[in-house]
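One structure is given here, and the rest of the page talks about it.
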Amino acid sequence: MDIQATVFENTALIYLSFLLSEAILLFDLNLYIPISLVDENFKRANAFIKDPSDYKKINLKEDNQLFYYRRNVLDKGKPEIKEGTLKEIFLGDGECYKEVLAKVKGSKAVGGSIKGEDNVVGGSKAVGSIKVGDKSKGSSKGEDNVVGGIKVGDKSKGSSKGEDNVVGSIKVGDKSKGSSKGEDNVVGSIKVGDKSKGSSKGEDNVVGGSRVEDNVEGCEMSLDLEGHNPLSSNSPPSPINPLSSNNPPSTTNPHTSNLPYHSTQPTHNPPSTTNLPYKGLFHFIYLLIDQKYKSTNLKIYIQFLENKLKNQFISLGDWIRKFVINHRDYKGDSVVSDKIINELIEKLIEIRKKNDIEYLRNL
């Protein structure tokens, strides 16, 4: 990672490194590809594909260098390798990215309705009619693991004898929601995998042991609620918390073990995910920010990098090349005179003092 000209740019790259690392750990993303393809990616990264004449133009064309990447990032099986630009790797497959990101970045992503739907958790539907983030459903003061009116992570409250698949780890401040003996505000009557309560195929939309999910034309977002909220900054360490140092050795991914199309162990005939849309790495970063940090400031930095991938801003290297090639004293002979270097340094010092990224705008 090269040093950039402004504090804002350096901060954005530092945040990207931190948030991407945390997203990889939290969602247990599998980015492994064969080492031979890693070597090829290094060669391509060092290859310069722009022509000097490109820098004579006002608008620089989008970088179309291709790199090998893994599409099935939630799969422990055989990697599905594809070539794509950095834009495709980080932003995902076209319309899929736009539609999912609209939900994640929207102000109504948590506790609000999307297209008239009430049961939304960070862009995903909750089971049955439980609203997450709706204070009218019994928000609990002083509780760490509370999302709106739903408490996650207390297995001792709400278990119902004779019911195997009962949501026993969710508290709702409404006695009419299925009280159990000795517990007033417990959902004791909602079964996991009950189609009548909003689950799909008896497996999807599961709360308390699996995930909450909504399909956006094949683009899926999931939130694990197995005994705690893994995206809550107040979550206590637990065997399924990927950020906990006390995790026991495990070969399964707790966030994807219930996904019907993801294989947690290599098989002789692993299920194919070739036709599934690729969400992009920024999808997981935005989801992490929305659910754990809830910070608009963090999004500003990531959105700047997103705009660079969309060719709205150029790189510092391209800006320097453009400055030199278009300098009045440059002869096109690869000789950069002291005068050009001095003016370049003076310009960079001025840009750094202003801390303004507009100098990178691809006009």
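Just so it is clear: in the sequence shown, position 252 is 252 by the UniProt record's numbering, and no numbers are missing.
For each residue, glycine too, the CB sits at the ideal point set by N, CA and C.
On a predicted model such as this, the values are computed, not experimentally measured, just so you know.
Checklist entry - For Val73, which option in Lys331, Gly332, Leu25, Asn297 has the closest C-alpha, if you only look at C-alpha atoms? => result Taking the sequence shown and counting its residues from 1, the one referred to as residue 73 is at position 73. When each option's Cα is compared against that of Val73, the closest is Leu25.
Checklist entry - Can you round the beta-carbon distance between Arg70 and Ile33 to whole angstroms, since I take them to be within the 8 Å contact cut? => result Counted from its first residue, the sequence shown places residue 70 at position 70. Counted from its first residue, the sequence shown places residue 33 at position 33. Right, the Cβ-Cβ distance comes to about 5 Å (below 8 Å), so this counts as a contact.
Checklist entry - How far does the beta strand (DSSP E) with Gly84 in it reach, from first residue to last? => result Taking the first residue of the sequence shown as 1, we reach residue 84 at position 84. Gly84 -> beta strand (DSSP E) spans 81-84.
Checklist entry - Just how far apart, CA to CA, sit Val38 and Ile89? => result Your numbering for residue 38 matches position 38 in the sequence shown. Your numbering for residue 89 matches position 89 in the sequence shown. Near 15 Å, if we compare the C-alpha coordinates of Ile89 and Val38.
Next on the checklist: My output table needs one value for Asp54: the three-state DSSP class, helix, strand or coil.
Outcome noted: Reading the sequence shown from its first residue, position 54 is the one you call residue 54. Residue state, collapsed to three classes: helix.
Next on the checklist: Going by beta-carbon coordinates alone, are Phe284 and Ala12 separated by less than 7 Å?
Outcome noted: Residue mapping note: residue 284 aligns to position 284 of the sequence shown, counting from 1. Residue mapping note: residue 12 aligns to position 12 of the sequence shown, counting from 1. No, they are not a contact pair.
Checklist entry - Between Ile289 and Ser295, what straight-line distance do the alpha-carbon atoms span, to the nearest angstrom? => result What you label residue 289 is simply residue 289 of the sequence shown in a count that begins at 1. What you label residue 295 is simply residue 295 of the sequence shown in a count that begins at 1. Looking at the two C-alpha atoms, the distance is approximately 6 Å.
Item to check | Length at least 3, wholly inside the region 287-327: the beta strand (DSSP E) runs in chain order | outcome: none
Checklist entry - Taking DSSP as the reference, what is the three-state secondary structure of Tyr32? => result Working through the sequence shown from its first residue, we reach residue 32 at position 32. Reduced to three states, the DSSP call for Tyr32 is coil.
Checklist entry - For Tyr330, which three-state DSSP category applies? => result Translated into positions along the sequence shown, residue 330 becomes position 330. It is coil, neither helix nor strand.
Checklist entry - Taking the C-alpha atoms as reference points, what is the distance between Asp338 and Asp329? => result What you label residue 338 is simply residue 338 of the sequence shown in a count that begins at 1. What you label residue 329 is simply residue 329 of the sequence shown in a count that begins at 1. Distance between the alpha carbons of Asp338 and Asp329: 10 Å.
Checklist entry - Is it true that the region 79-87 meets the region 59-69, where meeting means three or more beta-carbon pairs spaced less than 8 Å apart? => result yes
Item to check | Presumed contact (8 Å Cβ cut-off) between Leu363 and Ile58, rounded CB distance | outcome: Looking up residue 363 in the sequence shown gives position 363. Looking up residue 58 in the sequence shown gives position 58. At roughly 6 Å, the Cβ-Cβ gap stays under 8 Å, so Leu363 and Ile58 are in contact.
Item to check | Whether Ile314 touches Leu60 by CB criterion (7 Å) | outcome: Position 314 of the sequence shown, counted from the start, is the residue given in the question as residue 314. Position 60 of the sequence shown, counted from the start, is the residue given in the question as residue 60. Contact: yes.
Next on the checklist: If the criterion is Cβ atoms closer than 7 Å, does the pair Phe8 and Asn311 meet it?
Outcome noted: Within the sequence shown, residue 8 is the residue found at index 8, counting from 1. Within the sequence shown, residue 311 is the residue found at index 311, counting from 1. The answer is no: Cβ separation not under 7 Å.
Item to check | Same chain, Cβ closer than 6 Å to Arg321, five either side skipped, listed in chain order | outcome: Stepping through the sequence shown from its first residue, residue 321 is reached at position 321. The answer, listed in chain order, is Tyr55.
Checklist entry - Per DSSP, Tyr69 forms a beta bridge with which residues? => result One-based indexing of the sequence shown puts residue 69 at position 69. DSSP, once it has assigned bridges, lists Lys82 as partnering Tyr69.
Next on the checklist: Would Pro277 and Asp75 qualify as a contact pair, given that the criterion is a beta-carbon distance under 7 Å?
Outcome noted: The residue you call residue 277 lines up with position 277 of the sequence shown. The residue you call residue 75 lines up with position 75 of the sequence shown. Annotated as distal: Pro277 and Asp75, with beta-carbon spacing of 7 Å or more.
Next on the checklist: Quick check: the Cα distance between Asp2 and Leu316, rounded to an integer number of angstroms?
Outcome noted: The count along the sequence shown starts at 1 and reaches residue 2 at position 2. The count along the sequence shown starts at 1 and reaches residue 316 at position 316. Using only the alpha carbons, I get a separation of about 9 Å.
Item to check | Residue span of the alpha helix (DSSP H) that contains Glu22, given as start and end | outcome: Mapped onto the sequence shown, residue 22 falls at position 22. Counting along the chain, Glu22 sits inside the alpha helix (DSSP H) bounded by residues 7-26.
Next on the checklist: Our contact map puts Ile351 next to Phe304 with C-beta atoms below 8 Å; I'd like the distance itself, whole angstroms only.
Outcome noted: Mapped onto the sequence shown, residue 351 falls at position 351. Mapped onto the sequence shown, residue 304 falls at position 304. Not quite, the Cβ-Cβ distance comes to about 15 Å (not below 8 Å), so this is no contact.
Item to check | Neighbourhood of Leu298 by C-beta, 6 Å cutoff - its chain only, sequence neighbours within 5 removed | outcome: Position 298 of the sequence shown, counted from the start, is the residue given in the question as residue 298. Within the same chain, Leu298 has close Cβ partners Ile289.
Next on the checklist: Using a 10 Å radius around the Cβ and a threshold of 16 neighbouring Cβ atoms, would you call Ser45 buried or exposed?
Outcome noted: Translated into the one-based positions of the sequence shown, residue 45 becomes position 45. A small fix is needed here, since residue 45 is Ala in this sequence, not Ser. Its Cβ having fewer than 16 others within 10 Å, Ala45 is exposed.
Item to check | Extent of the continuous alpha helix (DSSP H) run through residue 432 | outcome: Because the chain in this structure spans residues 1 to 363, residue 432 falls outside the shown range and cannot be described.
Next on the checklist: DSSP three-state label for Asn253, please.
Outcome noted: Locating residue 253 in the sequence shown gives position 253, where the first residue counts as 1. The predicted model places Asn253 with a pLDDT of 38, which falls under 50 and marks its position as unreliable; any figure quoted below should be read in that light. Coil at Asn253, not helix or strand.
Item to check | Neighbourhood of Asn307 by C-beta, 7 Å cutoff - its chain only, sequence neighbours within 5 removed | outcome: Here residue 307 refers to the residue found at position 307 when the sequence shown is read from its first residue. For Asn307, same chain residues with a beta-carbon under 7 Å away, outside a window of 5 residues either side, are Phe313 in chain order.
Checklist entry - From Ser17 to Glu346, what distance separates their C-alpha atoms? => result Here residue 17 corresponds to residue number 17 of the sequence shown, with the count starting at 1. Here residue 346 corresponds to residue number 346 of the sequence shown, with the count starting at 1. The straight-line gap from Cα to Cα measures roughly 30 Å.
Checklist entry - Between Lys331 and Leu344, what straight-line distance do the alpha-carbon atoms span, to the nearest angstrom? => result Here residue 331 corresponds to residue number 331 of the sequence shown, with the count starting at 1. Here residue 344 corresponds to residue number 344 of the sequence shown, with the count starting at 1. One C-alpha to the other measures close to 16 Å.
Item to check | C-beta contact flag for Ile340 and His327 at 7 Å | outcome: Indexing the sequence shown from 1 puts residue 340 at position 340. Indexing the sequence shown from 1 puts residue 327 at position 327. Contact: yes.
Checklist entry - So which of Asp51, Pro52, Asn30 has the shortest CA-CA distance to Lys78? => result Indexing the sequence shown from 1 puts residue 78 at position 78. Answer by Cα proximity: Asn30.
Next on the checklist: Here's a check: name, in chain order, each residue in its chain whose Cβ is nearer than 8 Å to the Cβ of Asp318, leaving out the five neighbours to either side.
Outcome noted: The count along the sequence shown starts at 1 and reaches residue 318 at position 318. The residues are Lys50, Tyr55, Leu60.
Item to check | Identified DSSP bridge partners for Arg361 | outcome: Here the question's residue 361 lines up with position 361 in the sequence shown. Answer is Phe313, bridged to Arg361.
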